[in-house]
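See structure below.
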Amino acid sequence: GNFTTNSTYHKNLDFVLSTLPTTNTGLGFFNYSAGQGRDRINSAALCRGDIEPRLCRSCLNDSVVRLREMCPYQKGAVGYYDECWLSYSNKTVLGDTRGGLILYNSQNASDRDRFFGALRPLLNELQRDAAAGGSLRKFASGNTSGPDSITIYGLVQCTPDLSGSQCTDCLETEINNYLVSVVGSIGGRILQRACNFRYEIYRFFNGSTLVTQPPSPPPPPRITQGTPPVPSTTQEGKSSNKTRIIVVVIVTVSVIIITASICIFLRLKKKNTEEMTHSIDNERAPFTK
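The sequence shown runs contiguously to residue 289 in UniProt numbering.
Given below as structure tokens:
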């Protein structure tokens, strides 16, 4: 829904977004709520776990300005950037693991099986490390060797309010959604408030990394066995996991998505290759520039 100028909601939003940057836990996680009833606003922001405090503050301050410009009267909005995300709403912001945006490189690996055979163990190990993080930060990054002398870099992160098991479940769901939706891409990410991950064939993060060994070659298949089916990620009894995929080529790095309940703004740095976008949500509307 929308709010009107100079309404109570508008004034509360101004107050919340001016206060939010002062609530840093020390490791780039921000959370603040104010107001009552229908005028209550929940807000949160998370900086990427490897960036320095100065860049974190700059990203958050910039995102506050840009999100208000791009989504001026929406009660709920989320902005995704390379170094941080910001979200506010009159509904729950933290702990909501529903939906997400898949972005992926349009270029495919020359040997898809070997590439993803190296990628998945890396993501699994990073997922375990991030989930084992404390209440201030759940973040991990690392790299592994891929086919054809390629190095694959990966990063995963959860909001620190999640428990270890919640972080694991969130990342596992998003990684499975990605691997089912995208086949063979040399780079991609999922944007989601509760958890996110990204991988590329170039280094895109700072700091030390966890270096993992590439998996051993699989044993030769038995002649008597057929090819195993691809597992489905749809869980019985959870209708919210049923998805309708929207695919859009991102021509610019800035796009706005207007849904039934929230305005989403993306501003991401892009390499020379095109990126594609999937929306994992049954209420997504088409992209607008």
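No residue lacks a Cβ here, since even glycine has one placed at the ideal position from N, Cα and C.
Reduced DSSP secondary structure (H/G/I, E/B, other) of residue 340: With the chain represented from 1 up to 289, any question about residue 340 goes unanswered, as that position is not in the structure.
Helix, strand or coil at asparagine 2 [DSSP, three-state]: Strand.
Where tyrosine 81 falls: helix, strand or coil (DSSP): Here DSSP, grouped into helix, strand and coil, assigns tyrosine 81 to strand.
Whole beta strand (DSSP E) runs in the UniProt domain "Gnk2-homologous" (97 to 204) with 3 or more residues, listed along the chain? For the UniProt domain "Gnk2-homologous" (97 to 204), the continuous beta strand (DSSP E) assignments of 3+ residues that do not extend past its boundaries occur at 100 to 105, 138 to 145, 151 to 158, 188 to 191 and 195 to 200, in sequence order.
So, at 6 Å on beta carbons, what are the nonlocal neighbours of serine 135 in its own chain, with the 5 sequence-adjacent residues on each side left out? Once the five neighbours on either side are set aside, the close Cβ partners of serine 135 are Pro160.
Proximal residues to cysteine 170 (C-beta, below 8 Å), its chain only, five neighbours per side dropped: Spatial neighbours of cysteine 170 in its own chain (CB-CB distance under 8 Å, excluding positions within 5 residues in sequence) are listed in chain order as Thr97, Cys158, Leu162, Gln192, Ala194 and Cys195.
Could you check if alanine 132 is buried or exposed, using at least 16 other CB atoms within 10 Å of its CB as the buried criterion? Classification of alanine 132: exposed, given that the 10 Å Cβ count is below 16.
So what does DSSP say about aspartate 40, is it helix, strand or coil? Note on residue identity: the sequence assigns arginine, not aspartate, to residue 40. It is coil, neither helix nor strand.
Contact check, serine 63 vs tyrosine 88, beta carbons under 7 Å: The answer is no: Cβ separation not under 7 Å.
Thinking C-beta only, is aspartate 50 closer than 7 Å to phenylalanine 205? By the CB criterion at 7 Å, phenylalanine 205 and aspartate 50 fall inside the cutoff.
Identify whether leucine 17 lies in helix, strand or coil by the three-state DSSP scheme. Reduced to three states, the DSSP call for leucine 17 is helix.
With DSSP run on the structure shown, which of helix, strand or coil describes asparagine 24? It is coil, neither helix nor strand.
With C-beta atoms as the reference, is isoleucine 190 less than 7 Å away from leucine 123? With a cutoff of 7 Å on beta-carbon distance, isoleucine 190 and leucine 123 are scored as not near each other.
Skipping 5 residues on each side, what residues in its chain have a beta carbon closer than 8 Å to that of valine 230? In this predicted model, valine 230 has a pLDDT of only 34, less than 50, meaning its place in the structure is not dependable enough to derive any value.
Residue from His10, Cys56, Tyr178 and Arg54 with nearest C-alpha to alanine 34: Ranking the options by Cα distance to alanine 34, first place goes to His10.
CA-CA distance, serine 165 and glutamine 127? Linking serine 165 to glutamine 127 through their CA atoms gives a straight-line distance of about 11 Å.
Tell me where the beta strand (DSSP E) around glutamine 267 begins and ends. For the record, residue 267 in the displayed sequence is arginine; it is not glutamine. For arginine 267, the enclosing beta strand (DSSP E) stretches over residues 263 to 267.
DSSP state of leucine 94 mapped onto helix, strand, coil: Leucine 94 falls in the coil class under three-state DSSP.
From the DSSP output, in three-state form, read off valine 12 for me. Inspection of the sequence shows that residue 12 is occupied by asparagine rather than by valine. Helix at asparagine 12.
Span separating the alpha-carbon of alanine 130 from that of serine 141: Rounded to whole angstroms, the gap between the alpha carbons of alanine 130 and serine 141 is 9 Å.
Using a Cβ-Cβ distance cut-off of 7 Å, determine whether asparagine 143 contacts chain B. Although the question refers to chain B, the structure presented lacks it and comprises just one protein chain.
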